[in-house]
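When we follow our numbering, the leftmost residue of the sequence shown carries the number 46, and every step to the right adds one.
Only one structure is covered here, and it is reproduced in the block below.
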Amino acid sequence: MKTIELRGAGTLALSLLLSAPAALAQTAASYPSRPITLIVPYTPGSGIDILARAIAPKLNQKWGQPVVVDNKPGASGIIGADAVAKAAPNGYTLMVTVNSFTMAPPLYKNMPYDPIADFAPIAKIAIASYAFAVNPAVVPARDLSEFLATVKAKPGELNYGSPGNGTPHHLAMELMKLRLGLQIVHVPYKGLSGAMTDLLGGQVHMMFAPVHALLPNARAGKLKFLAVTGPRRSPFAPDAPTFRERGFDFMDDIDAWYAVMGPARLPRDVVAKVNAELRAIMFSADVREQLTAQGLLPVASTPEELAALIKADLLRWAKVVAEAKISAD
């Protein structure tokens, strides 16, 4: 069984406090004094790219320095993240990432970086709930209880779609299967659009996906939301119960999260300055409007809270990947 070694876990809190070497030292008073590169490890037009392009001009306005969004997609975000891990720890190379950052390490055998030791968490800035939806024409369950009864009466006969092996949609479903002892066949696609087409056509019976991606078809009656992730109901689908309401609190904290990070050993005062600016930006009216249009909710965490979240997610998804015998290699 494959395991994931968190070699930086023991020094996670300490890494947030370490200063860079004197040659790279940077104080909040003079930072930034030149352009900043904000790496997005996914393609232009993706949700995370839209988020990065919403905050970049705000930072530019505040600091009077260009903040350039640089897309470096590939290998489930690994290529872009590796560029950040290897950047000078001076605050001029930062990254906007998503929770798949914690899913890649157990999926790939030869990671070029350590997800804890090689990064400095700065702030979690947005979240998005996932909905668990069925096609009611083929799975006529009115709630989770009826769904579970149907699945257990037909072990291995039903299937679910995902945008691909190792995606958050895939791992969320595998977590539910493992915890509830369900036998449901995975049908991976190359992207969400193909999975969605077959879900609506009835070839695929169910799927986890962001609420906003499924909402138009749910409102049209083509899909049925049986539950949403997170500790409280999604404001975008207030009629859909949470898993917690149905007695499954292990699905509380698997929402998609978005965060800003930098390379390890960022000066403490630079981390604090970027965090403070992000906390103000995320709750500005225009940024909130841009985010809600994409189904995202703005949040603002401390660096320590983000560090704890990353550590917990790495352990959670490593366990799911190992128990479900998933590999992306």
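Just so you know, even glycine gets a beta-carbon here, dropped at the ideal spot from N, CA and C.
Classify THR147: buried if its beta carbon has 16 or more other beta carbons within 10 angstroms, exposed otherwise.
With a 10 Å radius around the Cβ and a threshold of 16 neighbouring Cβ atoms, THR147 comes out buried.
Cα separation between VAL230 and LYS269?
One C-alpha to the other measures close to 19 Å.
Quick check on GLU191: buried or exposed, where buried means 16 or more other Cβ atoms within 10 Å of its Cβ?
The residue in question, GLU191, is exposed, as its Cβ has fewer than 16 Cβ neighbours within 10 Å.
Tell me where the beta strand (DSSP E) around MET306 begins and ends.
Taken as a continuous stretch (DSSP letters only), the beta strand (DSSP E) holding MET306 covers 301-308.
Can you give the Cα-Cα distance for GLN248 and PRO166, rounded to whole angstroms?
Taking the straight line from one Cα to the other gives about 41 Å.
Which residues does DSSP pair with LYS169 in a beta bridge?
LYS169 pairs with ALA304.
Please classify PHE328 as buried or exposed, where buried requires at least 16 other C-beta atoms within 10 Å of its C-beta.
Its Cβ having fewer than 16 others within 10 Å, PHE328 is exposed.
Over the uninterrupted alpha helix (DSSP H) stretch that includes ILE123, give me the two end residues.
For ILE123, the enclosing alpha helix (DSSP H) begins and ends at 123-130.
Where ASP284 falls: helix, strand or coil (DSSP)
In the three-state DSSP reduction, ASP284 falls in the coil class, being neither helix nor strand.
Using DSSP with H/G/I as helix, E/B as strand and the rest coil, what is PRO15?
Outside the modelled stretch of the chain, which goes from 46 to 374, sits residue 15, for which no answer is possible.
Span of the alpha helix (DSSP H) around PHE192
Note, PHE192: alpha helix (DSSP H), 189-198.
Whole angstroms is fine: what's the gap from HIS257's alpha carbon to ARG278's?
Roughly 13 Å separates the two Cα atoms.
Three-state secondary structure assigned by DSSP to VAL114:
It is a strand residue.
Whose C-beta lies closer than 6 Å to the C-beta of PHE288 among residues of the same chain, with five residues either side of it excluded?
Counting only Cβ-Cβ distances below 6 Å, and skipping sequence neighbours, we find ALA272 and MET296.
Contact belief for ILE170 with VAL305 at Cβ below 8 Å, rounded distance in angstroms
Taking 8 Å as the upper bound for CB-CB distance, ILE170 and VAL305 are in contact here, some 6 Å apart.
Which two residues bound the contiguous beta strand (DSSP E) that contains ASN320?
Residue range 313-327 is occupied by the alpha helix (DSSP H) that includes ASN320, with no beta strand (DSSP E) assigned at that position.
Whole-number beta carbon distance between LYS103 and ILE326, since they are thought to touch under 8 Å
In this structure, ILE326 and LYS103 form a Cβ contact; the two beta carbons are roughly 4 Å apart against a cut-off of 8 Å.
Using a Cβ-Cβ cutoff of less than 6 Å, which residues in the same chain neighbour PRO276 once the five nearest sequence positions on both sides are dropped?
Within its own chain, the residues whose Cβ lies closer than 6 Å to the Cβ of PRO276, once the five positions on either side in sequence are excluded, are ASP297, listed in chain order.
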